[in-house]
Structures are given as structure tokens and as C-alpha cells.
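These notes are about the structure you will find just below.
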Amino acid sequence: MNNMDKINVREAEECDLEQIITIGEGIFPYEYNPKTKEQSHIFFKGKLGKSLDKVYVAYRNDELLGFAIYSPEGLTATHKIFQIGIKKEFQGQGIGVILLKESMVQYVQNMKKLGLDVYAIYLTTSSDNPAGQNLYRKLGFVEVGRMNDTFIGKGNVEIVMTKFFDERKYPTGLWNEDKK
Ligand SMILES: CC(C)(COP(=O)(O)OP(=O)(O)OC[C@H]1O[C@@H](n2cnc3c(N)ncnc32)[C@H](O)[C@@H]1OP(=O)(O)O)[C@@H](O)C(=O)NCCC(=O)NCCS
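Here my numbering is used: the sequence shown runs in plain steps of one and ends on residue 982.
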């Protein structure tokens, strides 16, 4: 493989699942391991085809280099990136930026085609993961809050980061309108 060849991003297909899960096993051991192998297939299969959830892969020639998993929060205009990961040996080479940037463009287009608006995309990344935080900041995500103890175990602090796609405001009185 020539490292100068172009990196492309596209929606994942069923034939990508083995490679995606292998990449996951190398970088997200809590989620992808021999115990969860069968569930990993079920998880990804549910996100392909006609699903509102989307998985994108970065690839060069025939080799998958990373993946990103998106989903709408219910039917709201707020969406979530569950995970983005680059195969260990290819980290730090600018591929994460390409994958995140290009997959966001494709995801927003996909959602609009499906009739869903995109106000914001958010994610959480561990406070002890500078690579994640730097990548997301670089592409316009800002910290909006923190969640404690919720993932992996007590002591974990997740930074909630959001990228906003429009300037809409929260309407006052949404839940306590005078109904008389
Ligand atoms: C986080 C991750 C997706 C970044 O992808 P990548 O291809 O390695 O990142 P890139 O080479 O595109 O770098 C993008 C930016 O991220 C930051 N970055 C990347 N690696 C870094 C590191 N080891 N330490 C600190 N910042 C880092 C830098 O700001 C970099 O921009 P710069 O090179 O202009 O300074 C990748 O390292 C990864 O898969 N890590 C393991 C899984 C993970 O942590 N996922 C994210 C949390 S869910």
C-alpha cells in the first residue's frame, strides 16, 4: 500500500463488519472483545441499510483505517457520535480529521434526505483522552458539560462536546405554558 494514496470515506457495508470489529478490538477493548463479538455484529448490522443510524469508514485502497458511528437522538435535531476510531498503526497521521470531517458532511446530507434536521452533533470523550479532545476541538466541537462515573466505571469523567450547525434558541415556556 502506498501511503500517498487517497483516503476516502463512505458508508459502511455488511462486508466491512469483520474489519470494523477488528479495528475496535485494537482500540476500544471494553466494547469489542471476545465476549462481545456476537453482540458487536448484531450492533453494527442494526445500523446498516435503512437504519437512521449511520456508520462511516475511512479506507485507502481496500484497507479500512477507521470508523465513525452516528445516530439521531430519537427524532430530534440533536445527533450523537457514539465512537470514532482509527486503527492503531495509522493514528496520528491526519486520518481522524479526514474521517470526522467527511463523515459529518455525509451524515448531515443523509439526515436531510431522510427529512431530519441537524441542529447539533454531540459526543463524549474521556477527560484523560487528549487525542480525542484535540481532534474534536479542531473540528469545531466545544465543551458543554461533564458526566461523571457513567461509562466504564466510577472515576471516569466524560467531557461532553457539541458542534452546533445553527443558531436556534430554546423556546421559553416550552414545558410550563399557561394552559388556562
Ligand atoms: C482519537 C483518534 C480518533 C484521532 O485520530 P487520528 O487519526 O489519530 O488523529 P489525527 O492524526 O487526524 O490528528 C487530529 C488531531 O488530533 C490530535 N491528536 C492526535 N493524536 C494525538 C495524541 N496522541 N495526543 C494529543 N493530540 C492528538 C491533534 O490535535 C491532531 O491535530 P494536529 O496533528 O494538527 O495537532 C485516534 O487517535 C483514535 O482512534 N484513538 C483511539 C480511540 C479514541 O480515543 N477515540 C476517540 C474517543 S471516542
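Note that beta-carbon positions come from the ideal geometry of N, C-alpha and C, so glycine has one too. Owing to the predicted nature of the structure, the values given are computational and were not obtained by experimental measurement.
Quiz item: Would you say residue 839 reaches chain D, if we count a Cβ-Cβ gap shorter than 8 Å as a contact?
Solution: Judged by its chain identifiers, the structure shown contains no chain D, having just a single protein chain.
Quiz prompt | Pairwise C-alpha distance: residue 917 and residue 841 | solution = Take the alpha-carbon of residue 841 and the one of residue 917: they are about 30 Å apart.
Quiz prompt | DSSP-derived helix/strand/coil call for residue 885 | solution = Looking at residue 885 - three-state DSSP - the assignment turns out to be strand.
Quiz item: What span of residues does the alpha helix (DSSP H) with residue 909 cover, start to end?
Solution: Residue 909 -> alpha helix (DSSP H) spans 897-915.
Exercise. Please indicate yes or no: does the CB of residue 940 lie closer than 7 Å to some heavy atom of ligand 1?
Key: Under cutoff, so the answer is yes.
Quiz item: On the three-state DSSP scale, how would you describe residue 936?
Solution: In this structure, DSSP gives residue 936 a helical state, which the three-state scheme calls helix.
Quiz item: Given residue 826, which residues of its chain have a CB within under 6 Å of its CB, disregarding the five upstream and five downstream residues?
Solution: Here residue 826 has 834 as same chain residues with Cβ atoms under 6 Å from its own Cβ, once five neighbours each way along the sequence are excluded.
Exercise. Go ahead and label residue 803 buried or exposed: buried means 16 or more other beta carbons lie within 10 angstroms of its beta carbon, across all protein chains shown.
Key: In this prediction, residue 803 scores a pLDDT of 46, lower than 50, which makes its location untrustworthy; no coordinate-derived value is stated.
Exercise. Output the boundary residues of the alpha helix (DSSP H) element that contains residue 755.
Key: Shown here, the chain extends from 803 to 982; a query on residue 755 therefore has no answer.
Quiz item: Quick one: what does DSSP say residue 868 is sitting in, helix, strand or coil?
Solution: Here residue 868 carries a strand assignment [DSSP, helix/strand/coil].
Exercise. For residue 945, name the three-state secondary structure that DSSP assigns.
Key: Of the three classes helix, strand and coil, the one that applies to residue 945 here is strand, per DSSP.
Practice problem: Take residue 913 and list the residues in its own chain whose beta-carbon comes closer than 6 Å to its own, dropping the five residues that flank it on each side. | Solution: Excluding residues within five positions, the ones whose Cβ falls inside 6 Å are 920.
Quiz item: In terms of residue numbering, what span does the alpha helix (DSSP H) encompassing residue 827 cover?
Solution: For residue 827, the enclosing alpha helix (DSSP H) covers residues 819-829.
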